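Undergrad: Attaching a single structure in structure tokens format; questions to follow.
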Amino acid sequence: MAGGAAAAKRYAEAAFSLAQEKGRLSEWEEQLANVSDALVSTEIIPFLQTPGLTSEQRLGLLDRVIPPVDPLVHNLVALLLLRSGLPLIPGIAREYQRLVDRFKGVQRARVQTAVALDPENEAKITTLLKEITGGEVVVELEINESILGGFVARVGDKLIDGSTKSRLLQLKSALREGRLAVED
Numbered sequence: 001m002a003g004g005a006a007a008a009k010r011y012a013e014a015a016f017s018l019a020q021e022k023g024r025l026s027e028w029e030e031q032l033a034n035v036s037d038a039l040v041s042t043e044i045i046p047f048l049q050t051p052g053l054t055s056e057q058r059l060g061l062l063d064r065v066i067p068p069v070d071p072l073v074h075n076l077v078a079l080l081l082l083r084s085g086l087p088l089i090p091g092i093a094r095e096y097q098r099l100v101d102r103f104k105g106v107q108r109a110r111v112q113t114a115v116a117l118d119p120e121n122e123a124k125i126t127t128l129l130k131e132i133t134g135g136e137v138v139v140e141l142e143i144n145e146s147i148l149g150g151f152v153a154r155v156g157d158k159l160i161d162g163s164t165k166s167r168l169l170q171l172k173s174a175l176r177e178g179r180l181a182v183e184d
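Mapping of the sequence shown onto my numbering: position 24 corresponds to residue 24, and the numbering continues sequentially without gaps.
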């Protein structure tokens, strides 16, 4: 699989370079993500690799499954199809997104909360993460009921744990060690 990751990275870098040259970074980012989602959700990749299909049949089926995309993005996907590289598409899309984010100075934060956030609280967390990181942050929300309340965020290699569960564990530890004074 490491070879697949390296190949996905090379394809993503080539696509990034071409998209940058054409001034289409954001459009291609969205299109690659959409193609990846379409291929994964339809589970068609194994079928497209069936030995009995001609190249024309494979391309025809592919065109029915993927959304309309820039001709150069389509050429990349068709090339991958013909080289049995379609399983690389999700990795290519992820790596391409990482390259675009780095180019734009954007960091992605995976934020877990116990319940879905309203837009106001999502904006507060985004603002807090921007202050902590000192840059632009795109928040990707996940529900994780085990954290009880608050949030846990991962931005790159940083972990920001503002969860109720974490605070309760800290309180438990402090009580065990006798670090909490009882006031009368």
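Glycine included, C-beta positions come from ideal geometry on N, C-alpha and C.
The structure displayed is predicted, hence computed values, not measured ones.
Take the Cβ of Ala-5 as the centre, count every other Cβ of all protein chains shown within 10 Å, and call the residue buried at 16 or more, exposed below.
TA: exposed
Undergrad: Would Ala-38 and Val-65 qualify as a contact pair, given that the criterion is a beta-carbon distance under 8 Å?
TA: yes
Undergrad: Run the CB neighbour count on Arg-58, radius 10 Å, all protein chains shown included, and call it buried at 16 or more, exposed below.
TA: buried
Undergrad: Starting from Asp-161, trace the beta strand (DSSP E) in both directions and tell me its first and last residue.
TA: 158-163
Undergrad: For Ala-116, does the three-state DSSP call read helix, strand or coil?
TA: It is coil, neither helix nor strand.
Undergrad: Would Ile-143 pass as a contact of Thr-113 if the rule is Cβ separation under 8 Å?
TA: yes
Undergrad: Beta carbon of Leu-86, beta carbon of Leu-48: below 8 Å?
TA: yes
Undergrad: Exposed or buried, Ser-205, counting other C-beta atoms within 10 Å across all chains shown (16 or more means buried)?
TA: Within the shown structure, residues of the chain are numbered from 1 to 184, placing residue 205 beyond reach of any answer.
Undergrad: Among Val-100, Leu-81, Val-69, whose alpha-carbon lies nearest the alpha-carbon of Lys-9?
TA: Val-100
Undergrad: Would you mind sorting Glu-177 into buried or exposed? The rule is 16 or more other CB atoms within 10 Å of its CB.
TA: exposed
Undergrad: For Gln-170, does the count of other Cβ atoms within 10 angstroms reach 16, so buried, or fall short, so exposed?
TA: exposed
Undergrad: Among residues of its own chain, excluding the 5 on either side of Thr-42, which ones have a beta-carbon nearer than 6 Å to its beta-carbon?
TA: Val-65
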